[in-house]
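These notes concern the structure reproduced below.
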Amino acid sequence: MTEFDYDPSTRMLCGFPPIRKLGAVSGSGESSPFFRGGRAYRLELCDPSRGTDAKAVTRALIRDRETGEILSRFGEGCYYYSLFAEPDGDVLVLGTVSLPGKLCGETVRLFRSSDLVHWTARDLFTRPGWQYYNTSLARGPEGYVLLLEAGAPAEEVGSRPFTFFFAASPDLERWTFWDRSRSFSQERYMGGPWMTFCRGFYYVISVTELPCRRYSNYLYRTADFRDWQVGLYVPLLSPDERDRAIAPGADLTPEQRAAIPTGMLTSSSDMDLCETPDGRTLITYNVGNQLGFYYLCEAVCDRPLADFLENNFQ
């Protein structure tokens, strides 16, 4: 694996992306925004323990972004849900099946729906000895490519979990797991991923650990999963006072509303992106402190998704 960063000749031609934060929208965990029939929805993680109790019952939910209505709840027993919307087709949600007493697992489960209400489920695969956390699914020249955030086994992950590993499938049935030479990155903490294929590159957003338990989001891209470029305008999002604003119609408990104005914000994580019908980039992300306090925020960039991604490397 080779990583390319800036050098003395590098110029920033496009400028930092103009991201407008919209404020807190929900008390949920990791989320994925998406559109169906011109209407916006969100996949959200519902964890009553806020990540502090591995025995708590967790679920995914689908929310109508405009009305706040919850269309369905599903995926009990999984964690770290991610979403892939087939163009003009089904919506796929991946969940990592939790091992007893842990917020990680060795099995990845696929949920599928055509109406966002009724869901089928089947296991994609099980890999004993592996500890998977977040996932992200994309589709490119290799077919489906699945990103797997792993914390074990140590001989694969290295001394600095978490590390991203990849698998490819032509049909979501048969999987080829790429070896450690195509993992990324063994050198630092890599978590909370989002991945898509666009204009010849796979783009990956990762949570990066900064000094003193601060966390933010870095953007990378690769064409072959061997050579990687680092985005020029990183960190993409860091917590600030704009994250304390509460959006109209936000689904927050009175306790959450009371905590947001003074809660310790050390982390902006788990960015997920999609393009709106009018050609903008809609972003969801979590802010909090990685110690049980978090909530879900939204932001928008007035550029198409492909431009937003590509401009970060120009």
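Using this note's numbering, the first residue of the sequence shown is number 5, and each one after it goes up by one.
All C-beta atoms, glycine included, are put in the ideal place defined by N, C-alpha and C.
Secondary structure at Ser30: strand, using DSSP grouped into helix, strand and coil.
Pro243 is classed as buried because its beta carbon has at least 16 other beta carbons within 10 Å across all chains shown. In the structure shown, the three-state DSSP call for Val149 is strand.
Bounds of the beta strand (DSSP E) holding Glu302 are 298 to 305.
Listed in chain order, the non-local C-beta contacts of Gly162 below 6 Å within the same chain comprise Gln190, local neighbours out to five positions each way being set aside. Using a Cβ-Cβ distance cut-off of 8 Å, the segment 274 to 286 and the segment 163 to 171 are not in contact, since fewer than three pairs of beta carbons, one from each stretch, lie closer than that value. In the DSSP assignment, Leu75 falls outside any alpha helix (DSSP H) and within the unbroken beta strand (DSSP E) covering 74 to 78. The alpha-carbon of Leu176 is positioned some 7 Å away from that of Leu128. A direct Cα-Cα distance of roughly 31 Å separates Asp231 from Val291. The DSSP-derived three-state label of Gln233 is strand. Inter-residue distance for Arg54 and Phe297 is about 7 Å (C-alpha atoms, whole angstroms).
Residues of the same chain with a CB within less than 6 Å of the CB of Val95, apart from the 5 flanking positions on each side, are Ala89, Ser117 in chain order. By the CB criterion at 8 Å, Pro22 and Thr288 fall outside the cutoff.
Taking one beta carbon from each stretch, the segment 35 to 51 and the segment 209 to 227 have fewer than 3 pairs nearer than 8 Å; the two do not touch.
Secondary structure at Phe312: helix, using DSSP grouped into helix, strand and coil.
DSSP, read as helix, strand or coil, puts Asp247 in helix. Apart from the 5 residues on each side of it in sequence, Phe115 sits with its Cβ closer than 8 Å to the Cβ of Ala64, Phe78, Gly79, Leu96, Val97, Leu98, Gly99, Trp123, Thr124, Ala125 in its chain, given in chain order. For Gln135, the enclosing beta strand (DSSP E) stretches over residues 135 to 144. Secondary structure note for Val161: its alpha helix (DSSP H) is the uninterrupted segment 158 to 161.
Gly155 is bridged by DSSP to nothing; it lacks a bridge partner.
Across the structure, Met5 and Glu153 are spaced so that their CA atoms are roughly 17 Å apart. The segment 128 to 141 makes contact with the segment 100 to 109; the number of CB pairs closer than 8 Å reaches 3 or more.
Between the segment 243 to 254 and the segment 181 to 188, the count of Cβ pairs shorter than 8 Å is below three; the stretches do not touch. In the DSSP assignment, Leu114 is bridged to Leu98, Arg126. Beta-carbon to beta-carbon, Arg307 and Asn316 are separated by about 10 Å, too far to satisfy the 8 Å threshold. If you look at Ala171, you'll find it in the beta strand (DSSP E) that goes 167 to 173.
The residue among Glu110, Leu49, Leu26 with its C-alpha nearest the C-alpha of Pro157 is Glu110. According to DSSP, residue pairing for Asn290 in a beta bridge involves Ser273, Leu300.
In chain order, Gly195, Gly196, Tyr219, Asn221, Ser273, Asp274 place their CB closer than 7 Å to the CB of Val211, counting only its own chain and leaving out the 5 sequence neighbours on each side. Val61 sits exposed, since fewer than 16 C-beta atoms from the chains shown fall within 10 Å of its C-beta. By the C-beta density criterion, Glu34 is buried, having at least 16 other C-beta atoms within 10 angstroms. Remark: C-beta atoms of Val238 and Phe8 do not approach each other more closely than 8 Å. The continuous stretches of beta strand (DSSP E) do not include Glu177, and DSSP gives it neither H nor E. Taken through DSSP and simplified to helix, strand or coil, Pro21 comes out as coil.
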